[in-house]
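Asks: Keeping their order, the protein sequence lines are chains A and B. According to this note's numbering, the first sequence holds residues 294 to 554 in order. According to this note's numbering, the second sequence holds residues 294 to 554 in order. Glycine is no exception: its CB is placed at the ideal position from the N, C-alpha and C atoms. The structure under discussion is supplied below as structure tokens; questions concerning it will follow.
There are 2 protein chains.
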Amino acid sequence: MEKYFSTIIHGDCIEEMKKIPDNSVDLIFADPPYYLQLPKGKRLKRSNGTEIIPVDNDWDSFESYEHYDTFTHAWISECQRILKPTGTFWVIGMYHNIFRVGTIMQNLGLWFLNDVIWVKTDALPNLNGRRFTNNHETLIWSVKSKDCKKYTFNYELMKKMNGGKQMKDTDWIFGLCRGNERLKDENGIKAHPTQKPLKLIQQVILAASNKGDVVFDPFMGSGTTAVVAEALGRKWLGVERDEKYVHLAINRVKDFIAKKV
Amino acid sequence: MEKYFSTIIHGDCIEEMKKIPDNSVDLIFADPPYYLQLPKGKRLKRSNGTEIIPVDNDWDSFESYEHYDTFTHAWISECQRILKPTGTFWVIGMYHNIFRVGTIMQNLGLWFLNDVIWVKTDALPNLNGRRFTNNHETLIWSVKSKDCKKYTFNYELMKKMNGGKQMKDTDWIFGLCRGNERLKDENGIKAHPTQKPLKLIQQVILAASNKGDVVFDPFMGSGTTAVVAEALGRKWLGVERDEKYVHLAINRVKDFIAKKV
DNA sequence: GCAAGGCATGAATCTACAT
DNA sequence: GATGTAGATTCATGCCTTG
Numbered sequence: 294m295e296k297y298f299s300t301i302i303h304g305d306c307i308e309e310m311k312k313i314p315d316n317s318v319d320l321i322f323a324d325p326p327y328y329l330q331l332p333k334g335k336r337l338k339r340s341n342g343t344e345i346i347p348v349d350n351d352w353d354s355f356e357s358y359e360h361y362d363t364f365t366h367a368w369i370s371e372c373q374r375i376l377k378p379t380g381t382f383w384v385i386g387m388y389h390n391i392f393r394v395g396t397i398m399q400n401l402g403l404w405f406l407n408d409v410i411w412v413k414t415d416a417l418p419n420l421n422g423r424r425f426t427n428n429h430e431t432l433i434w435s436v437k438s439k440d441c442k443k444y445t446f447n448y449e450l451m452k453k454m455n456g457g458k459q460m461k462d463t464d465w466i467f468g469l470c471r472g473n474e475r476l477k478d479e480n481g482i483k484a485h486p487t488q489k490p491l492k493l494i495q496q497v498i499l500a501a502s503n504k505g506d507v508v509f510d511p512f513m514g515s516g517t518t519a520v521v522a523e524a525l526g527r528k529w530l531g532v533e534r535d536e537k538y539v540h541l542a543i544n545r546v547k548d549f550i551a552k553k554v
Numbered sequence: 294m295e296k297y298f299s300t301i302i303h304g305d306c307i308e309e310m311k312k313i314p315d316n317s318v319d320l321i322f323a324d325p326p327y328y329l330q331l332p333k334g335k336r337l338k339r340s341n342g343t344e345i346i347p348v349d350n351d352w353d354s355f356e357s358y359e360h361y362d363t364f365t366h367a368w369i370s371e372c373q374r375i376l377k378p379t380g381t382f383w384v385i386g387m388y389h390n391i392f393r394v395g396t397i398m399q400n401l402g403l404w405f406l407n408d409v410i411w412v413k414t415d416a417l418p419n420l421n422g423r424r425f426t427n428n429h430e431t432l433i434w435s436v437k438s439k440d441c442k443k444y445t446f447n448y449e450l451m452k453k454m455n456g457g458k459q460m461k462d463t464d465w466i467f468g469l470c471r472g473n474e475r476l477k478d479e480n481g482i483k484a485h486p487t488q489k490p491l492k493l494i495q496q497v498i499l500a501a502s503n504k505g506d507v508v509f510d511p512f513m514g515s516g517t518t519a520v521v522a523e524a525l526g527r528k529w530l531g532v533e534r535d536e537k538y539v540h541l542a543i544n545r546v547k548d549f550i551a552k553k554v
């Protein structure tokens, strides 16, 4: 286990998790593919003619709900296995996928503590006036099983961060990841399509882990979990399937450590 | 069909829906049992010693997730059948049940428009400091199938009600049903454990139906959907299994009509 | 240097119509 | 019916240019 810490493993998360012992991580944060089912190749345009770049990456493509469910069941059951009885497991998603994710979690015996709503402050408006603006994502917060009562939750810290009042599942109000925080490629284009804001992950890690705890992320992407865990003195470990993102995340963490020292 | 309008049918909603023709209702609002899985007989107490009355009614008891799913699949597939291609179907729930409900809806081919968050302004605080305050419920808004594009949505009205800006899925901020609005029995105790606020149902009906449309509610409970539909000039129809609530709702609607005239 | 305004852009299940 | 093209539509934020 120890040899792994503070590294991003390039590989399939299910295969890599199989190498991790039972009951060995304190906190899991997972940002899996959402299976958006957007039409391939079609681009929505703003009135000024600029295009909206959708998430139509290969990693978000599945043949059917059934295929998505099989994949989801596989990685979630590994997460459940490696999670300590005192640990907690977070998954983020949207209405496209979160209901399926939640059902599979319950079927596996994971026990829900909350469904937390990340309310966005600067989401893309609905461009055709046929729906309500899609302005939030949902985080499911769970424990390994119903009888896990002694999980880590820094209630008082959350209360303090919320101005002295008990933090609610709807008090998670953050902007999207943009500006200088958003990683860009050599052409100035966003380097990862779904980079999450530091503040969001920070709140998760502060709420549900302590210094020295092991934080695991099966879909490391641009490495936000790694940077926040490193900054907050947690041990961490991540898996990422796409080599391009592995390099992105490793460099990001290196940069962060270099600037800190 | 016509003979049914503006009535509350006493019976099992699945059996009663079977009598309703295909493609015949414009809007369905459903507030099904949440399957809270609270321990029977246990009562939480406030610090002043008073008891919190939980929802532990028989209608919320199921043997297992599987039984809940079977029941859910049955009533939702009937709703899908009776819904017009131009109509929309709303279901409200919490983290205990909404993920299962959403998965079953997707499996049946219902297509999601939004998941709307009802943010409460006066929810019960978390009493033991082991979770975030549970401050919202989730409404899934859907159409009969993916290809139903011409559904009713009063976009401009919603925008106007939201101060001239596009209404978001997180702009649904209402207090709980309390005070004079909350129905009481002869002893002054709440007459129905989960009575929904008028404002919430009003926003649903205003958003997704027009005058003269048919609104259906398979779990009528205290009759909130009936009262709002009546007030807004919609035709309506409801089913309720518990005879006590049927009488409650009928009297409530009668009172409402009497006061209006 | 500072204020004002221009402009780019965000996990998006788009709609209507013609062929 | 399936497929392709044109069209209408939006809000908050932050960086950058201009004055």
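Enumerate in chain order the residues of its own chain whose CB-to-CB distance from residue 405(A) is below 8 Å, with the five nearest sequence positions on each side excluded.
Replies: Numbered from its first residue, the first sequence carries residue 405(A) at position 112. These residues qualify, in order along the chain: 395, 398, 399, 433, 434, 435.
Asks: Hey, is the stretch 524-541 of chain B in contact with the stretch 299-308 of chain B, meaning 3+ C-beta pairs nearer than 8 Å?
Replies: Yes, the stretch 524-541 of chain B touches the stretch 299-308 of chain B.
Asks: Measuring alpha carbon to alpha carbon, tell me which residue in 493(A), 439(A), 382(A) is nearest residue 465(A).
Replies: By 1-based counting over the first sequence, the position of residue 465(A) is 172. It is 493(A).
Asks: Across the stretch 421-432 of chain A and the stretch 360-370 of chain A, are there enough close Cβ pairs to call them in contact, namely three or more that are closer than 8 Å?
Replies: Touching, no.
Asks: Can you check whether the CB of residue 476(B) is closer than 8 Å to the CB of residue 488(B)?
Replies: Residue mapping note: residue 488(B) aligns to position 195 of the second sequence, counting from 1. Residue mapping note: residue 476(B) aligns to position 183 of the second sequence, counting from 1. In contact: residue 488(B) and residue 476(B) (Cβ atoms closer than 8 Å).
Asks: Are at least three pairs of beta-carbons, each pair with one atom in the stretch 371-381 of chain B and one in the stretch 336-348 of chain B, less than 8 Å apart?
Replies: Verdict: no, contact absent.
Asks: Alpha carbons only, please: which of 339(B), 321(B), 313(B), 360(B) is nearest the one belonging to residue 328(B)?
Replies: As a first step, residue 328(B) is located in the second sequence; it is residue number 35 there, counting from the start. Among 339(B), 321(B), 313(B), 360(B), the Cα nearest to that of residue 328(B) is on 360(B).
Asks: What residues of chain A sit near residue 399(B), judged by a beta carbon separation below 8 Å?
Replies: Position 106 of the second sequence holds residue 399(B). Within chain A, the residues near residue 399(B) are 358, 392, 393.
Asks: Compare the Cα-Cα distances from residue 505(B) to each of 311(B), 552(B), 317(B) and report the closest residue.
Replies: Position 212 of the second sequence, counted from the start, is the residue given in the question as residue 505(B). Among 311(B), 552(B), 317(B), the Cα nearest to that of residue 505(B) is on 317(B).
Asks: Mind checking residue 540(A): buried by the 16 CB within 10 Å criterion, or exposed?
Replies: The residue you call residue 540(A) lines up with position 247 of the first sequence. With fewer than 16 other Cβ atoms within 10 Å, it is exposed.
Asks: Where does the unbroken beta strand (DSSP E) through residue 303(B) begin, and where does it stop?
Replies: Position 10 of the second sequence, counted from the start, is the residue given in the question as residue 303(B). Residue 303(B) -> beta strand (DSSP E) spans 300-303.
Asks: Three-state secondary structure (DSSP) at residue 370(B)?
Replies: Residue mapping note: residue 370(B) aligns to position 77 of the second sequence, counting from 1. Residue 370(B): helix per DSSP, three-state reduction.
Asks: Taking a Cβ distance cut-off of 9 Å, strictly less, list which residues of the stretch 467-478 of chain B are near chain A, in chain order.
Replies: Correct list: empty, as no residue qualifies.
Asks: Mind listing which residues of the stretch 361-373 of chain B have their C-beta closer than 8 Å to chain A's C-betas, in chain order?
Replies: Under the 8 Å Cβ criterion, the stretch 361-373 of chain B contributes no residue.
Asks: Using a C-beta to C-beta distance shorter than 7 Å, which residues of chain A count as neighbours of residue 424(B)?
Replies: For the purposes of this step, residue 424(B) is taken as residue 131 along the second sequence, with counting starting at 1. Within 7 Å Cβ-Cβ: 406, 407.
Asks: When DSSP labels each residue in this structure, what does residue 493(B) get in the three-state scheme?
Replies: Here residue 493(B) corresponds to residue number 200 of the second sequence, with the count starting at 1. Of the three classes helix, strand and coil, the one that applies to residue 493(B) here is helix, per DSSP.
Asks: Which residue or residues does DSSP assign as beta-bridge partners of residue 429(B)?
Replies: Against the second sequence, residue 429(B) aligns to sequence position 136. Partner(s): 412(B).
Asks: May I ask you to report which of helix, strand or coil DSSP gives residue 318(B)?
Replies: As a first step, residue 318(B) is located in the second sequence; it is residue number 25 there, counting from the start. Reduced to three states, the DSSP call for residue 318(B) is strand.
Asks: Skipping 5 residues on each side, what residues in its chain have a beta carbon closer than 6 Å to that of residue 525(B)?
Replies: The residue labelled residue 525(B) in the question sits at position 232 within the second sequence. Result list for residue 525(B): 498, in chain order.
Asks: Pull up the DSSP beta-bridge partners for residue 530(A), would you.
Replies: Indexing the first sequence from 1 puts residue 530(A) at position 237. 300(A), 509(A), per the DSSP bridge assignment.
Asks: Using 8 Å as the threshold, is the C-beta distance between residue 319(A) and residue 507(A) below it?
Replies: Here residue 319(A) is taken as the residue at index 26 of the first sequence, counted from 1. Here residue 507(A) is taken as the residue at index 214 of the first sequence, counted from 1. Yes, the Cβ-Cβ distance between residue 319(A) and residue 507(A) is below 8 Å.
Asks: Mind checking residue 551(A): buried by the 16 CB within 10 Å criterion, or exposed?
Replies: Residue numbering aside, residue 551(A) sits at position 258 when the first sequence is read from its first letter. The residue is exposed, with fewer than 16 neighbouring Cβ atoms inside 10 Å.
Asks: Residues of chain B with CB closer than 7 Å to the CB of residue 461(A), please, in chain order.
Replies: Looking up residue 461(A) in the first sequence gives position 168. Near residue 461(A) (Cβ distances below 7 Å), the residues of chain B are 425, 426, 428.
Asks: Roughly how many whole angstroms lie between the Cα atoms of residue 332(A) and residue 439(B)?
Replies: Residue 332(A) sits at position 39 when you count from the first residue of the first sequence. Residue 439(B) sits at position 146 when you count from the first residue of the second sequence. Rounded to the nearest angstrom, the two C-alpha atoms are 13 Å apart.
Asks: Excluding the 5 residues flanking residue 486(A) on each side, which residues of the same chain have their C-beta closer than 7 Å to its C-beta?
Replies: As a working mapping, residue 486(A) is identified with position 193 in the first sequence. Closer than 7 Å at Cβ, skipping near neighbours: 348, 350.
Asks: What does the Cβ neighbour count give for residue 309(B), buried or exposed, with the cut at 16 atoms within 10 Å?
Replies: Position 16 of the second sequence, counted from the start, is the residue given in the question as residue 309(B). The residue in question, residue 309(B), is buried, as its Cβ has 16 or more Cβ neighbours within 10 Å.
Asks: Among 326(B), 424(B), 418(B), 454(B), whose alpha-carbon lies nearest the alpha-carbon of residue 391(B)?
Replies: For the purposes of this step, residue 391(B) is identified with residue 98 of the second sequence, where counting begins at 1. Out of 326(B), 424(B), 418(B), 454(B), 326(B) has the C-alpha closest to the C-alpha of residue 391(B).
Asks: Tell me which residues of the stretch 430-446 of chain A have at least one Cβ-Cβ distance to chain B shorter than 7 Å, keeping chain order.
Replies: Within the stretch 430-446 of chain A, the residues whose Cβ lies closer than 7 Å to some Cβ of chain B are 446, listed in chain order.
Asks: What is the rounded straight-line gap between the Cα of residue 415(A) and the Cα of residue 511(A)?
Replies: As a working mapping, residue 415(A) is identified with position 122 in the first sequence. As a working mapping, residue 511(A) is identified with position 218 in the first sequence. Spanning the two alpha carbons is a distance of roughly 27 Å.
Asks: Express the C-alpha separation of residue 425(A) and residue 461(B) in angstroms, rounding to a whole number.
Replies: Position 168 of the second sequence, counting from 1, holds the residue named residue 461(B). Position 132 of the first sequence, counting from 1, holds the residue named residue 425(A). For residue 461(B) and residue 425(A), the distance between alpha carbons rounds to 5 Å.
Asks: Kindly identify the DSSP beta-bridge partner or partners of residue 594(A).
Replies: The structure shown does not extend to residue 594(A), since chain A is modelled only from 294 through 554, so no value can be given for it.
Asks: Nearest CA to the CA of residue 377(B): which residue from 403(B), 385(B), 388(B), 355(B)?
Replies: In the second sequence, counting from the first residue as 1, residue 377(B) sits at position 84. Here the closest residue by C-alpha is 403(B).
Asks: Could you round the C-beta distance between residue 379(B) and residue 445(B) to whole angstroms and report it? I think they count as a contact, below 8 Å.
Replies: Along the second sequence, one-based indexing puts residue 379(B) at 86. Along the second sequence, one-based indexing puts residue 445(B) at 152. Residue 379(B) to residue 445(B), Cβ: 6 Å. Contact.
Asks: Tell me which residues of the stretch 334-350 of chain B have at least one Cβ-Cβ distance to chain A shorter than 8 Å, keeping chain order.
Replies: Going along the stretch 334-350 of chain B in chain order, one finds no residue with a Cβ nearer than 8 Å to chain A.
Asks: Helix, strand or coil, according to DSSP, for residue 392(A) in the structure here?
Replies: The sequence position of residue 392(A) within the first sequence is 99, counting from 1. Residue 392(A): helix per DSSP, three-state reduction.
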